[in-house]
Each structure stands twice: as C-alpha cells, then as structure tokens.
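J.: From first to last, the protein sequence lines stand for chains A and B. Residue 58 in our numbering sits at position 57 of the first sequence, and the numbers go up by one each step. Residue 157 in our numbering sits at position 100 of the second sequence, and the numbers go up by one each step.
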Amino acid sequence: GQQVMQIPQYQHVQEGEDFTTYCNSSTTLSNIQWYKQRPGGHPVFLIQLVKSGEVKKQKRLTFQFGEAKKNSSLHITATQTTDVGTYFCAGGSGNTGKLIFGQGTTLQVKP
Amino acid sequence: NAGVMQNPRHLVRRRGQEARLRCSPMKGHSHVYWYRQLPEEGLKFMVYLQKENIIDESGMPKERFSAEFPKEGPSILRIQQVVRGDSAAYFCASSPRQSGANVLTFGAGSRLTVL
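1) At which residue ranges does the stretch 55 to 100 of chain A contain complete beta strand (DSSP E) runs of 3 or more residues, listed in the order of the chain?
2) Hey, could you find the ends of the beta strand (DSSP E) E125 (chain B) is sitting in?
3) Beta carbon of G130 (chain B): closer than 7 Å to some heavy atom of the ligand SAM?
4) At what residues does the beta strand (DSSP E) containing V171 (chain B) begin and finish?
5) Using a Cβ-Cβ cut-off of 7 Å (strictly less than) and excluding sequence neighbours within five positions of I77 (chain A), which residues of its own chain qualify?
6) Can you name the start and end residues of the beta strand (DSSP E) that V29 (chain A) belongs to?
7) Are the C-beta of A165 (chain B) and some C-beta of chain A separated by less than 8 Å?
8) Looking at the unbroken beta strand (DSSP E) that takes in M83 (chain B), where does it start and where does it end?
9) Going by DSSP in three states, D19 (chain A) sits in which element: helix, strand or coil?
10) Would G67 (chain A) and Y88 (chain A) be called neighbours here (beta carbons separated by less than 8 Å)?
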C-alpha cells in the first residue's frame, strides 16, 4: 500500500537557525498537505500543495511539491520557540479522499 | 461554529472492557476519519466514513475494532475487549466532501488508557 516517509524524525536547533523536513511517497500523489501538532495538542492544517513543482510561502515557512509529485519539503527560516512541535506531511492519491500521514518530524528550538 | 467535537477526552478502561469514542464533525462536513497515534509516533489511518457508509477501513484491525457513522448522531469508534496495546490517542477529523484534495479538521482527540 501507499507509504509516506518523513525525515528526520527529530531535529534540535538553536533559535534563529533554519530547519527543513523532507517527505517522500512511494506513489504519485494528487496533493500533499502539511500539518503541525503542538505538544499535547492535535494536528492543525498548515497548507496544501496540488501542482507539480509548486512552491508556497507562509511568512517564514516555505513549502515545495516535487516535480514528480512524490516528494515535498517544509523549510522554516530563522526558527523561533513558537515553531516547536511535530510537523506532518500527508499525501492523498486518487479520488478517495484518504490521507496517509508521514511519521512526522519533531522540532525542538533552544532559546 | 463549533469545530470537530470528540468525547470523552480521556477514558480509562481495564483489560477486557469496551471503549466507545464519539466524534461529531464540523457543521457542514459529511466525512469523518479516524486516526490512532501512539506516544511519540505518527498518525496511523484507521477508517474513513460518510453517513451510513464506510468508504475505506483498510487501517482497521481485523478484530475488536469497529466504526460507524449513523444517519443521526456522532460517529463512533468502538473497541471491544481492550488490551494494553490499545492505549493511544484517537483523533477524529472531518472534511466537507469526498475528493482527492480534502483538507482535514481535527478534533482534540480521545486519550485511551488501558490498565
């Protein structure tokens, strides 16, 4: 079945450093979504990418969808302590509406 | 405009008992998803339903687990004869319709502890 892999599993950075998490799917995706889960909280939708090669920005966050629609990345510039949490990518394929989540990357930011 | 409502937020059961977790989707949303999250792990897909219909249950364990979304009332995830390995956070999410690009709105989760 479809698998979505995410690396790294954990990342510790100093406040102000950049951070990147990578997502790879075993199958071509119709869309990729990114969610953030704060410690003890629930996943919250960040963004959705649909087009091949698409790049979207949200303030210090940059999201990319690969040309082959099988991989994606999230880059945070100049991390802040408020960026702490686990970032999940989630891939959708076909028209079923089912989303498969990656294992997540947990970001710790040292002030 | 209430979001996705899950209850109970915390549930403690002894081995062999039954656990029932409820989820009311956002207003206007007709599709419900259930995911399980073990401590320090990701979100594992369990089941995807619309009212009176299971669309995809490929992530559901073959035994003891069942889910429904009746015409009236919340979606229910039922775990019979719970074991310690069932201890996890169970998240429900909803979306407005079935399509290849559904954005999910998650509830706060139900945290099950099996003693």
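All C-beta atoms, glycine included, are put in the ideal place defined by N, C-alpha and C. Just so you know, these numbers come straight off a predicted model, no measurement behind them.
T.: The answer reads as follows:
1) If we require 3 residues or more, the beta strand (DSSP E) runs fully inside the stretch 55 to 100 of chain A come out as 56 to 59, 62 to 66, 72 to 77, 86 to 93.
2) 122 to 125
3) The ligand SAM is not among the ligands present in this structure, which contains no ligands whatsoever.
4) Note, V171 (chain B): beta strand (DSSP E), 167 to 171.
5) D19, F20, R61, L62, D84
6) Reading off the sequence shown, one finds Thr at residue 29 (chain A), where the question assumed Val. Neither: T29 (chain A) is in no beta strand (DSSP E) and is coded neither H nor E.
7) A165 (chain B) has a beta carbon lying within less than 8 Å of a beta carbon in chain A.
8) Premise fails: M83 (chain B) is in no beta strand (DSSP E) and is neither H nor E.
9) coil
10) Taking 8 Å as the Cβ cut-off, G67 (chain A) and Y88 (chain A) do not qualify as a contacting pair.
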